[in-house]
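Take a look at the structure:
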């Protein structure tokens, strides 16, 4: 993975730029000491690291605007950062860039139950949005697995999903309005507490633009009434094909589970060793959760179980209590940790049409043999969003490169069968150079043209999303 | 011009010497009048992929909506966002197309629960103003690969490009539905009740209020629930004990008819004059309706989306938009002269208008695709 050469003239101006930033921000908001900027050298894709020129932590939208105005005038690249949990390197700095972190902007600005919206500053963590409304019976639906730590700013930048988006959608379906600072420091309002756009859907464009079109400082989010209850069923099968067929039959039957999670044997074994959730040792495991009142839950589970039994499961375990539900979810929730226990891993995020599941799992198994690297699969089966976890040893020379090549092959396979490179993590730097597998030059050029409109000088997170060769003439 | 393939469509746009009036079935004659040669996508027709088990459908843009709905219904599925049919309201004829639904981001009452057309659009193929064939998104439900131009194209009314194919997420037709109905409520009490119903755990899929002027002298307020029969009965009972206490329960086909009327704004179809569509914060809707009626006593109002969508019939040529409107308004039905004079779409703030103009210039540098339709 390549990053652009830092601009020597910016590096040489560091002291002056720091002084200028200090002049427009409160004390303690500019981090420039090399021991401290190291804290911002990477996000959750920690194999790539580079400390920034400096990091700023503004406390208001106006301060963000002042920083942007200055960086725009000085021609300094800005890398926005939420909580730094990106798995795609979305917040990876370059040596000549300023990290603009929104972590100190985490207030709830307005909670409006009659209109079912909450307005927050975007440094607020995903889970604490729900935390602000749950006592009153509401929640914020998108639930990425990093929800304890990840910020709404990053959720908007990456259009984050989660386990429950089969029913509730991803960030873009739950985002109603933003306050955004443009690359030149202008503050704009898009959307609000009303639905849909009066003109072009700029909100839809900004959501998922990976911090390249502006810095979102405030967001109006849709909140929903919490369901009365939820309960999962665990189903084990001998083959991935049958598990895939079961998922398809459930969806076709008209039942809308809130989550359909899928784990394959390597992943089941790893989580059993790690968490001991009591999962069966089978080829494919499904966890399907439904919501509603007790009677509604039972009705839906009965229907799901009837369908599941038609496919001769090796195990079928219906939760009858909160403890049993927690136990069913335990293994799934500790899957990433369990894989991490075995070795370093790279988590992929390709999405495929659900019907291609058996083929893709078989091919991944074959490639695993070819590359000599183990892989476990855990993913959201209802929407085809896969998360293959490739195990490698970061200390072994050449292993990371081998892992990256394996990952790239899996993602290309996802595209080949009609899917995409990334379902919810974003492109960042990780998948940047694979964009050509999914899009033609013209498809990419029109996207670059969008960035030209929002950020003509290409200063916002400039080395991400698009292959460097396509952006070379545009970046400063 | 009615090209029969994406290639012909691209050739037609490349060769165009002047403005083009882009249409699907031409049933949604909304926007500033466009002078130019008609370019219809009606020749691009047919469902190219339908996987009921993956809730996915891909169709060429000119495919008639009825064809898609029939195909889906045969598998017990539908377009969950409930796109309205504009023909009775606008007095147009023709065949609505799936491309038109996406290009105009057309949704119905269920938008409040499941989302709009833009939320169900998974991918698009389109031809931009220079004649280039482009794609964005795909046919999978989760996709964050690059910028989301699918959302940008949805609701752009053919001003950024001409859709040639769309991929959609579809959904199951529920086992049954029911509606709780109240009569004679004032607007503010009705919207408060709708808000409470939507804020309950009972998964309300429609929340509407027709004022006395729209509903033959007595207002009517409606709350819809859909799902498995047992679940609908349970939720109807719980709502009936609480926020909808004393409301009448209507079921199945009778319930469905009520929502077809809301979807197509049936109660305002025969009103003379203009039809406005406001999108606003639900709790602002009663005040807005009140202010409009004070200025125009003959105005009638239909509140959908729990109050978040306000349909108003008003006199020809009067601009009903207040200064500083929080939300947006579209003049959906008006005489040609009115549409030439008043901004049909909500005028944008200066910085937003600049972004919009910049995007239009990138997608359609010659300014030939439905020029001026959305204003700006």
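Residue numbers (this note's numbering), protein chains in the order written: chain A, 1 to 476; chain B, 1001 to 1376. Beta carbons: idealized from backbone N, C-alpha and C, even for Gly.
| Asked | Found |
| --- | --- |
| In the DSSP output, what is residue 1304/B paired with across the bridge? | 1309/B |
| Tell me the rounded alpha-carbon separation between residue 1007/B and residue 438/A. | 20 Å |
| Consult DSSP for residue 235/A and reduce its assignment to one of helix, strand or coil. | strand |
| What residues are listed by DSSP as bridge partners for residue 99/A? | 55/A, 79/A |
| Distance, Cα to Cα, residue 1051/B vs residue 1168/B? | 11 Å |
| Specify, as a first and last residue, the run of the alpha helix (DSSP H) that residue 435/A falls within. | 435 to 438 |
| Along the segment 1033 to 1062 of chain B, what residues have a CB closer than 8 Å to any CB found in chain E? | Chain labels in this structure do not include chain E; the protein chains are A and B. |
| If we cut at 7 Å on Cβ distances, does residue 288/A have a partner in chain B? | no |
| Could you pull the start and end residues of the beta strand (DSSP E) that residue 1136/B belongs to? | 1133 to 1137 |
| Quick one: is residue 201/A near chain B, going by C-beta distance under 7 Å? | yes |
| Quick one: Cα of residue 29/A to Cα of residue 1342/B, how far? | 48 Å |
| Leaving aside the five residues before and after residue 291/A along the sequence, list all residues of the same chain whose C-beta is less than 6 Å from its C-beta, in chain order. | 227, 230, 258 |
| Rounded to whole angstroms, what is the Cα-Cα separation between residue 18/A and residue 4/A? | 22 Å |
| Using CA atoms only, rank isn't needed, just tell me which of 1266/B, 1188/B, 1124/B, 1136/B is closest to residue 479/A. | Chain A is shown from 1 up to 476; residue 479/A falls before or after that span and cannot be answered. |
| Return the Cβ separation of residue 478/A and residue 262/A in integer angstroms, given the expectation that the two are a contact with Cβ distance under 8 Å. | With chain A represented from 1 up to 476, any question about residue 478/A goes unanswered, as that position is not in the structure. |
| Report the three-state DSSP secondary structure of residue 111/A (helix, strand or coil). | strand |
| Identify the contact partners of residue 1141/B in chain A, using a Cβ-Cβ distance below 7 Å as the criterion. | 383, 384 |
| By the DSSP assignment, the alpha helix (DSSP H) with residue 1276/B in it spans what residues? | It is not in any alpha helix (DSSP H) - residue 1276/B instead sits in the beta strand (DSSP E) that spans 1274 to 1280. |
| Starting from residue 337/A and walking both ways along the alpha helix (DSSP H), at which residues does that stretch end? | 335 to 342 |
| Quick one: list the residues of chain B neighbouring residue 461/A, beta-carbon separation under 8 Å, in chain order. | Result: empty, since nearest Cβ-Cβ is about 13 Å, beyond 8 Å. |
| Using the Cα positions of residue 1175/B and residue 1107/B, report the straight-line distance between them to the nearest angstrom. | 22 Å |
| Excluding the 5 residues flanking residue 313/A on each side, which residues of the same chain have their C-beta closer than 7 Å to its C-beta? | 235, 236, 237 |
| Find the nearest neighbour of residue 145/A within the set 387/A, 306/A, 351/A, 464/A, judged by alpha-carbon distance. | 387/A |
| Among 58/A, 453/A, 272/A, 78/A, whose alpha-carbon lies nearest the alpha-carbon of residue 26/A? | 58/A |
| With H, G and I counted as helix, E and B as strand and the rest as coil, what does DSSP make of residue 414/A? | helix |
| Which same chain residues, not among the five before or five after residue 1255/B, have their C-beta less than 7 Å away from its C-beta? | 1177, 1178, 1179, 1224 |
| Residue 219/A to residue 1149/B, Cα distance in whole Å? | 21 Å |
| What ranges does the alpha helix (DSSP H) occupy inside the segment 1080 to 1160 of chain B, keeping only unbroken runs of at least 4 residues that lie completely in it? | 1087 to 1090, 1098 to 1103, 1111 to 1114, 1117 to 1120, 1149 to 1153 |
| Taking 7 Å as the CB-CB limit, is residue 48/A close to chain B? | no |
| If you count every other CB in all the chains shown that lies within 10 Å of the CB of residue 169/A, and 16 or more means buried, which is it? | buried |
| Counting contacts by CB-CB distance shorter than 7 Å, is residue 355/A in contact with chain B? | yes |
| Give the range of the beta strand (DSSP E) segment to which residue 1271/B is assigned. | Looking at the DSSP string, residue 1271/B is not in any beta strand (DSSP E), and its letter there is neither H nor E. |
| Given that a residue counts as buried once 16 or more other Cβ atoms are within 10 Å of its Cβ, and exposed if not, what is residue 469/A? | exposed |
| Less than 8 Å between the CB atoms is what I'm expecting for residue 1144/B and residue 424/A, so what's the real figure, rounded? | 6 Å |
| Grab the span of the alpha helix (DSSP H) containing residue 1239/B for me, first residue to last. | 1229 to 1241 |
| Opposite residue 380/A in the DSSP bridges: which residues? | 261/A, 385/A |
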